[in-house]
Ligand SMILES: Nc1nc2c(ncn2[C@@H]2O[C@H](COP(=O)(O)OP(=O)(O)O)[C@@H](O)[C@H]2O)c(=O)[nH]1
Ligand SMILES: [Mg+2]
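Numbering (the numbering used here), first residue to last: 1 to 685.
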């Protein structure tokens, strides 16, 4: 009897498993090995040759890295397993975060590489928080150069849950040639792209096996008193009990089993598949974890949206309950309805039509115009409450983009909307001051891929620029100024005459206009036009930037019964302010933000140095709440210095440091830096 049956859960039906892990650990290669070993593909492709099922989009192939998730399904012992190959780079982490709620379990692919530990920790934290059972697949064991116990010691700090070694390597001349399964007590020698061969253990290997197995059982016994007693009394525990515990403690998040392998040669794949089959929960448990309401209604969670160049939209979803067929009407949480047009099986970029999808299946649903990534859809009359809410990480880097040709402006807007729909970790902001479309994303590569998609997929060639910094200017001295507009040309003339009192105001107060006209020297119906004219003049001050924090009082003026008009007074107002400002000691203002950086503690000193090097005012640092071994550093920084801050933070933190920021205040900026900014502005005009 298998452990699964002992637990009373019938583990059959379609599973969904995420392949996650640090960048370059071998997830895409492992998927390829799994598909090849299960006969889903003829030959195992390689990332180098660009022949893998994962990473089959144009951009992924071009950069030889995963830049979005890939989905592929294989059949193993009559059950289907859909794998979601998630990008490892922190810049594309949203795809993983959106997919995780949908899966039954995750396989964390990792290497025995110290530099990857911080990234591994980030991923494990997500899984721990979402309570998703996960197995660690220690890949690249062909390159192993340390004892497995030392490797485990290296990896353990990344996980809050004990790592449980399920297999130990068999070494021959310093190379790993096979493994011993500690639960089955069986030794195997790896064969390239073929099932491993069972061998007899003897001598030193047998001794190592006994010790390692005992360690494994001890860890399991931490949550099983009966097993503890058996160990203390030297009674060999029944094999079924061991499997039962392995499965239960994995599901309950009490242990993280560690398996070994070589993805490039598909070694360790079969053992991994067996672990998935027997030890990870199925759709019933996942639906329960997500609070899916049982019943007849179909419930599906959309974890990815794809838009093809030809306008076809696909919502990749896991069916959590019921059945979704071609033509099923699904409503979103917002109550928007759409009819499924095509239920597709995915094999990387390739799709295959299938009849319908049942609970547990992971499929692409065609033409659901309203559906968005992260939504829970239902075939019922009432929307189903969302099974998960995945908030994208705040963006950290921006570029300003514009269509190379004016005629593509509309197309650019539409294409951006589609890309936003696919990737909620991108935001687009219009900056009216600088007439810019500013796209915010998770890093350089993320934004580069976005621009490539605009061009390659949507045919919009774009220009990229560093976004404008929100500089402003203000005044330090008051002034009184007459603004007079008089024009006599043929018939009607133009006449407007005003006297403005201008004075500096405290930081952040903006602009105020007061009418102090006495005796109707400027008729009241013209006064709003005077204010408009002043506002016109404040759009760009003597330094070239919008003018803020000043009060303007209209104190005097004159008019002409025939020649005065709204337009003439507007012009007079503008002339008044434009002529006054140079005499008011204009000064540049730059936006200062409060920045909060999170980083592993060993990088904190480096981060402080980076901040100081960028005119940052460090406000303090503290341990990061709930994050052992991490710090939070707070600082005030000029917007101009935040532009590419993330690039430096990441290089100082093995890619895992990050920051958020929010506007704090405008500060005066003088001296050389200010002169350079003003000169650059003039040159641009
Ligand atoms: N030596 C060795 N190299 C591997 C193994 N698995 C993957 N690689 C290589 O590691 C690199 C990254 O693999 P990839 O699958 O793209 O990693 P991903 O970023 O996790 O998807 C590629 O060059 C692979 O050929 C392995 O088990 N052993
Ligand atoms: Mg990959």
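Note that CB positions come from ideal geometry on N, CA and C, so glycine has one too.
Predicted, not measured: the structure shown is a model, and the values here were computed from it.
- Message: Just to confirm the assignment: which complete alpha helix (DSSP H) runs, minimum length 4, are found wholly within the segment 90 to 170?
- Response: Counting only runs of 4 or more, we get 93 to 99, 117 to 130, 148 to 155.
- Item | Simplified DSSP assignment, three categories, for residue 195 | Start at 1 with the first residue of the chain shown, and residue 195 comes out as number 195. Strand at residue 195.
- Name all residues in chain order for which at least one heavy atom of ligand 2 lies closer than 5 angstroms to the residue's CB. Those residues that bring their Cβ nearer than 5 angstroms to a heavy atom of ligand 2 are 27, 28, 66.
- Please classify residue 6: does DSSP put it in a helix, a strand, or coil? Working through the chain shown from its first residue, we reach residue 6 at position 6. Here the model assigns residue 6 a pLDDT of 39, short of 50, so the residue's position is not dependable and the matter cannot be decided.
- Message: With a threshold of 7 angstroms on Cβ separation, who are the neighbours of residue 539 within its own chain once the five nearest residues in sequence on each side are excluded?
- Response: Numbered from 1 along the chain shown, position 539 holds the residue referred to as residue 539. Here the set comprises 546.
- Within 10 angstroms of the Cβ of residue 20, are there 16 or more other Cβ atoms? Answer buried if so, exposed if not. Residue numbering aside, residue 20 sits at position 20 when the chain shown is read from its first letter. Residue 20 should be labelled buried.
- Item | Helix, strand or coil at residue 366 according to DSSP, with G and I counted as helix | The count along the chain shown starts at 1 and reaches residue 366 at position 366. Three-state DSSP puts residue 366 in a strand.
- To which residues of the same chain is residue 560 closer than 8 angstroms at the C-beta, ignoring the five residues directly before and after it? In the chain shown, the residue the question calls residue 560 occupies position 560. The residues are 493, 495.
- Message: With H, G and I counted as helix, E and B as strand and the rest as coil, what does DSSP make of residue 314?
- Response: Residue mapping note: residue 314 aligns to position 314 of the chain shown, counting from 1. For residue 314, the secondary structure class from DSSP, reduced to helix, strand or coil, is strand.
- From 268, 524, 460, residue whose alpha carbon lies closest to that of residue 403: By 1-based counting over the chain shown, the position of residue 403 is 403. Measuring from the Cα of residue 403, the nearest candidate turns out to be 460.
- Apply the 10 Å Cβ neighbour rule to residue 442 and answer buried if 16 or more other Cβ atoms are within range, or exposed otherwise. Taking the chain shown and counting its residues from 1, the one referred to as residue 442 is at position 442. Answer is buried; the Cβ neighbour count reaches 16.
- Please report how far the alpha carbon of residue 142 lies from the alpha carbon of residue 681, in whole angstroms. Numbered from its first residue, the chain shown carries residue 142 at position 142. Numbered from its first residue, the chain shown carries residue 681 at position 681. Distance between residue 142 and residue 681, taken at the CA atoms: about 57 angstroms.
- Query: Under the three-state reduction of DSSP, which class applies to residue 584: helix, strand or coil?
  - Reply: Position 584 of the chain shown, counted from the first residue, corresponds to residue 584. Three-state result, residue 584: helix.
- Status (buried if at least 16 other CB within 10 Å, exposed otherwise) for residue 414: Stepping through the chain shown from its first residue, residue 414 is reached at position 414. Around the beta-carbon of residue 414, fewer than 16 other beta-carbon atoms lie within 10 Å, marking it exposed.
- So is residue 88 buried or exposed if we call it buried at 16+ other beta carbons inside 10 Å? Start at 1 with the first residue of the chain shown, and residue 88 comes out as number 88. Label assigned to residue 88: buried.
- Query: Are at least three pairs of beta-carbons, each pair with one atom in the segment 370 to 388 and one in the segment 408 to 427, less than 8 angstroms apart?
  - Reply: Yes, the segment 370 to 388 is in contact with the segment 408 to 427.
- Item | Reference residue 638, options 606, 594, 647, closest by Cα | Position 638 of the chain shown, counted from the start, is the residue given in the question as residue 638. Comparing alpha carbon positions, the residue from 606, 594, 647 closest to residue 638 is 594.
- Pairing CB atoms from the segment 224 to 243 with CB atoms from the segment 100 to 112, are three or more of them under 8 angstroms? As far as the Cβ criterion goes, the segment 224 to 243 does not touch the segment 100 to 112, which means the pair count is below three.
- The beta strand (DSSP E) enclosing residue 344, as first and last residue numbers: Numbered from its first residue, the chain shown carries residue 344 at position 344. Run containing residue 344: 343 to 347, per the beta strand (DSSP E) assignment.
- Message: Is residue 25 near ligand 1 - that is, is its Cβ less than 7 angstroms away from at least one heavy atom of it?
- Response: The residue labelled residue 25 in the question sits at position 25 within the chain shown. At least one heavy atom of ligand 1 falls within 7 angstroms of the beta-carbon of residue 25.
- Message: Using only CA atoms, which one of 356, 153, 316, 397 lies nearest to residue 348?
- Response: Here residue 348 is taken as the residue at index 348 of the chain shown, counted from 1. When only C-alpha atoms are compared, the closest one is 316.
- Are the beta-carbon atoms belonging to residue 658 and residue 396 less than 8 angstroms from one another? Position 658 of the chain shown, counting from 1, holds the residue named residue 658. Position 396 of the chain shown, counting from 1, holds the residue named residue 396. It is a contact, given that the beta carbons lie within the stated cut-off.
- Among all the DSSP beta bridges, which residues are the ones paired with residue 354? As a working mapping, residue 354 is identified with position 354 in the chain shown. As a beta-bridge residue in DSSP terms, residue 354 pairs with 343.
- Task: Can you tell me the Cβ-Cβ gap for residue 83 and residue 277, rounded? I've got them flagged as a contact below 8 angstroms.
- Result: Here residue 83 refers to the residue found at position 83 of the chain shown. Here residue 277 refers to the residue found at position 277 of the chain shown. Contact annotation, residue 83 with residue 277: C-beta distance approximately 14 angstroms; criterion of less than 8 angstroms not satisfied.
- Item | Three-state secondary structure assigned by DSSP to residue 512 | Translated into positions along the chain shown, residue 512 becomes position 512. In the structure shown, residue 512 sits in a strand (DSSP, three-state: E or B).
- Task: In the DSSP assignment, find the unbroken alpha helix (DSSP H) run with residue 641 in it and report its ends.
- Result: Mapped onto the chain shown, residue 641 falls at position 641. From DSSP, the alpha helix (DSSP H) with residue 641 extends over 639 to 642.
- Message: Would residue 665 and residue 507 qualify as a contact pair, given that the criterion is a beta-carbon distance under 8 angstroms?
- Response: Within the chain shown, numbered from 1, the residue matching residue 665 stands at position 665. Within the chain shown, numbered from 1, the residue matching residue 507 stands at position 507. Closer than 8 angstroms, so yes.
- Expressed to the nearest angstrom, what Euclidean distance is found between the alpha-carbon atoms of residue 324 and residue 439? Start at 1 with the first residue of the chain shown, and residue 324 comes out as number 324. Start at 1 with the first residue of the chain shown, and residue 439 comes out as number 439. Straight-line Cα distance between these residues: approximately 36 angstroms.
- Message: Between the segment 281 to 301 and the segment 60 to 68, can you find at least three pairs of beta-carbon atoms closer than 8 angstroms?
- Response: With a cut-off of 8 angstroms, the segment 281 to 301 and the segment 60 to 68 do not count as touching, because too few Cβ pairs lie within range.
- Item | residue 686 versus residue 326: straight-line alpha-carbon distance, rounded | This structure cannot speak to residue 686, because the chain is shown only from 1 to 685.
- Message: Helix, strand or coil for residue 188? Go by DSSP, reduced to three states.
- Response: In the chain shown, counting from the first residue as 1, residue 188 sits at position 188. Here residue 188 carries a strand assignment [DSSP, helix/strand/coil].
- Express the C-alpha separation of residue 676 and residue 630 in angstroms, rounding to a whole number. What you label residue 630 is simply residue 630 of the chain shown in a count that begins at 1. What you label residue 676 is simply residue 676 of the chain shown in a count that begins at 1. Each residue's alpha carbon lies about 38 angstroms from the other.
- Check whether the segment 146 to 165 touches the segment 127 to 138, counting contact only when three or more Cβ pairs, one atom from each stretch, lie closer than 8 angstroms. The segment 146 to 165 is in contact with the segment 127 to 138.
- Residues near residue 341 in its chain [Cβ-Cβ closer than 6 angstroms; skip 5 each side]: Stepping through the chain shown from its first residue, residue 341 is reached at position 341. Excluding its 5 nearest sequence neighbours in each direction, residue 341 has C-beta neighbours in its own chain below 6 angstroms: 366, 367, listed in chain order.
- Taking only runs of the beta strand (DSSP E) that begin and end inside the segment 469 to 495, which ones reach a length of at least 3 residues, in chain order? Counting only runs of 3 or more, we get 472 to 475, 479 to 487.
- Message: Distance check for residue 651 and residue 115, CA to CA, integer angstroms please.
- Response: As a working note, residue 115 is residue 115 in the chain shown. As a working note, residue 651 is residue 651 in the chain shown. Rounded to whole angstroms, residue 115 to residue 651 spans 12 angstroms at the Cα level.
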